[in-house]
Structures are given as C-alpha cells and as structure tokens.
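Participant: I am attaching a structure below and will ask some questions about it afterwards.
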Amino acid sequence: MANAPQLDFPEFVSRRRQEHQSGESRASRRDYAYSVDHKMREQFERMKPVELAVAAALRTFGRVVKGQLLGSSVRVSDRQFPRLQKLVASCADTLSIPVPAVYIVNDPRLNAATYGTDDEAFIMIHSALVDHFTDEELLTVIGHECGHIHNRHVVYLTTLHVLTQVVGVVAQWAALPATLALRAWQRRAEITCDRAGMLCGKSEATAARALTKLALGSKRLYEEFNLEAFLEQHDETKENIGRYMEVFASHPWLPKRVLAMRTFGQSELFREATAQGTGGLSMSEVDDRVSSLLKWES
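All you need for my numbering is the position in the sequence shown, starting with 1, plus 30.
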C-alpha cells in the first residue's frame, strides 16, 4: 500500500494559481469543462473552512479510508479484466491523461467513484455496474470518472466522501459550511464530467441511457422506460418546494443532467469531436443555457 497522501492546502492552491497564470491549467481543464465548475473552485479555495476540511479529510483518507476501499477490491489490468482495461485506456487516450488505476468492488448498487489526490487518483467501479451495462455505456461512465481526474476534482471529491461518509455526526455538523460549499461546486463538476463521458463514448444517446439506467437500477424496467416522459419530471420539480433540497445533493437532479447533456450535444465542440460536421453552439452559449437550467436550485 502506498504511503498516505499528504497535502499542504495553501501550497496546493498556490500551485494551482501559478499553473493558471502560466496557462497550464487551461490545458488541464480542456475546452469541454463547464466554466462555472472552475469559477466556484477558485472561490472556495479562499475559504478557511474548506482549507481545514481538506487537510483533515486527506489525513483521514490516507490513514483509514484508502485501505478500506482497496482492501476488498480487485484491480483491473491487462492480465485480469482486460476488456475493462481497454475501455479505461480508451477514455484516458480521449482525455489525454495517464491510464488511471481502476478497481472492481463487490457491490449491488450501480455506481462508480474516484478518490485520492491529483497525483494518486483511482477509480472504483461497483460490480453491479459491469453486470448491467453494455461496454458502450461503461465507456461513458468510466469517461465521466476520468473527467474528474482530468479536471483535478479528486482532492475535493475525496474530502466530501470523508466528511459525509466517514466522520461522526458532530464532525459533520462542524464541517457543514465546507460541505455545503463543496456540494454546490460538485453539482457543477458533475456537469463537466458528464461531458467528458459523452466525449469518451462519442454518443449523447448512450450517455443519457447510462445515466437513466443508474437512476432505475433495473434492466427489466428499462425496457419500458420513456426518456421524454422522464424529462417531464423536470417541469414538475420546478414547481415543487422540494426542489430546494437539491442544495444538499451531490449531483443535479437527473432530468437536469440529461437536458444539460443534450445542450452539450448541440455544441460545435462535441459535433466536431464525434465527426458530425461543423457548426453548433459555442461553449459559452452552452454554459449560459446550462447555467439557466441549474440556477433555480437555490
């Protein structure tokens, strides 16, 4: 097992800012990223509660959580699960990142997640996901997780995991300001990574299908699923006071994510990346429309 990740948060933020000034961070974000994702990160990196939460969470992760996560999982490689390894390598190639470590964990829930630090990130894929999804759908899910690595989300996602899943109730309340700030950012970061998944899978329809399968959790029910009827729920939730509960959610409500992916699918960037020809929305137009879609959550 590797040593526990050590993170000096002020130095970490300083390095990010130096990269931004030198132009390196622009390349690392890639043109597909949702601009609000980066802007919100810049804001909360100035917040003392976030600084303290990240430092404490990374210590806990290195000492305890990483061993728990990896101790009961199986690593994907060319020697075992080579089919999955090829999917991972394909996503890494699309996003121009090193091939990340990927592990399969025995879990009946349809899910995948990324943990670690910028320099030592790994992806956990639940076994049920492999059983339920086609290779094309898995490509979009793995691409989504690779998007977190590509856009340097991993430190903050790991912090959120520790704050919400590991520490006790008292510590959770103490860290609530940092958690809410990180959650607000995470909902925007997921938009960025949904786009990464679309680029890796090269299909808006496949990405939407994978996302809705995650919501259903049933192969049998999916045969009767109607995407357009599902998206009508977006209009229903607009009028419901329960929409305000989204401020505590890790992801935007699912209809919003599908609609946001459709908007990105109309972009010139995506059309060119998937050989659909030229023309389409600029990324600033895409981001404006997505921001309008998300803004009523708070």
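Glycine residues also receive a C-beta, built at the ideal position from the N, C-alpha and C atoms.
Which word fits residue 257, buried or exposed, when buried means at least 16 other C-beta atoms lie within 10 angstroms of its C-beta?
Facilitator: exposed
Participant: Grab the span of the alpha helix (DSSP H) containing residue 68 for me, first residue to last.
Facilitator: 65-74
Participant: With 16 as the cutoff for other CB atoms within 10 Å, does residue 173 come out buried or exposed?
Facilitator: Within a 10 Å sphere around the beta-carbon of residue 173 sit 16 or more other beta-carbons, which makes this residue buried.
Participant: Quick check on residue 35: buried or exposed, where buried means 16 or more other Cβ atoms within 10 Å of its Cβ?
Facilitator: With a pLDDT of 46 at residue 35, under the threshold of 50, the modelled position of this residue cannot be trusted; read the value that follows with caution. Classification of residue 35: buried, given that the 10 Å Cβ count is 16 or more.
Participant: Check whether the segment 228-235 and the segment 207-220 are in contact - that is, three or more C-beta pairs closer than 8 angstroms.
Facilitator: no
Participant: At the level of alpha carbons, what is the spacing between residue 219 and residue 282?
Facilitator: Using only the alpha carbons, I get a separation of about 10 angstroms.
Participant: If you follow the alpha helix (DSSP H) that residue 124 is part of, which residue opens it and which one closes it?
Facilitator: 112-125
Participant: Does the distance from the C-beta atom of residue 105 to that of residue 131 stay below 8 angstroms?
Facilitator: yes
Participant: According to DSSP, simplified to helix, strand and coil, what is residue 103?
Facilitator: strand
Participant: Whole angstroms is fine: what's the gap from residue 323's alpha carbon to residue 286's?
Facilitator: 7 angstroms
Participant: Figure out for me which residue from 182, 139, 84 has the closest Cα to the Cα of residue 161.
Facilitator: 139
Participant: I'd like to know whether the C-beta atoms of residue 133 and residue 100 end up nearer to each other than 8 angstroms.
Facilitator: yes
Participant: State buried or exposed for residue 136, treating a residue as buried only when at least 16 other CB atoms are found within 10 Å of its CB.
Facilitator: exposed
Participant: Per the contact definition of three or more C-beta pairs closer than 8 angstroms, is the segment 301-315 in contact with the segment 247-262?
Facilitator: no
Participant: Which residue comes first and which comes last in the alpha helix (DSSP H) that contains residue 84?
Facilitator: 78-90
Participant: Given residue 315, which residues of its chain have a CB within under 7 angstroms of its CB, disregarding the five upstream and five downstream residues?
Facilitator: none
Participant: For residue 156, which of helix, strand or coil comes out of DSSP?
Facilitator: Residue 156: strand per DSSP, three-state reduction.
Participant: Grab me the residues of residue 120's own chain with a C-beta within less than 8 angstroms of its C-beta, minus the 5 sequence neighbours each way, in chain order.
Facilitator: 169, 230
Participant: Buried or exposed, going by whether 16 or more other CB atoms sit within 10 Å of the CB of residue 320?
Facilitator: buried
Participant: Does the count of Cβ pairs from the segment 185-196 and the segment 78-96 closer than 8 angstroms reach three?
Facilitator: Verdict: yes, contact present.
Participant: So the candidates are 222, 165, 298, 115; which of them puts its Cα closest to the Cα of residue 178?
Facilitator: 222
Participant: Of the residues 181, 123, 233, which one's Cα is nearest the Cα of residue 69?
Facilitator: 181
Participant: Just curious, the alpha helix (DSSP H) that residue 131 is in, first and last residue?
Facilitator: First-last for residue 131: 131-135, but that is the beta strand (DSSP E), not the alpha helix (DSSP H).
Participant: Measuring straight from C-alpha to C-alpha, what distance separates residue 117 and residue 154?
Facilitator: 14 angstroms
Participant: Run through DSSP, which three-state label would residue 140 get?
Facilitator: The three-state secondary structure of residue 140, taken from DSSP, is coil.
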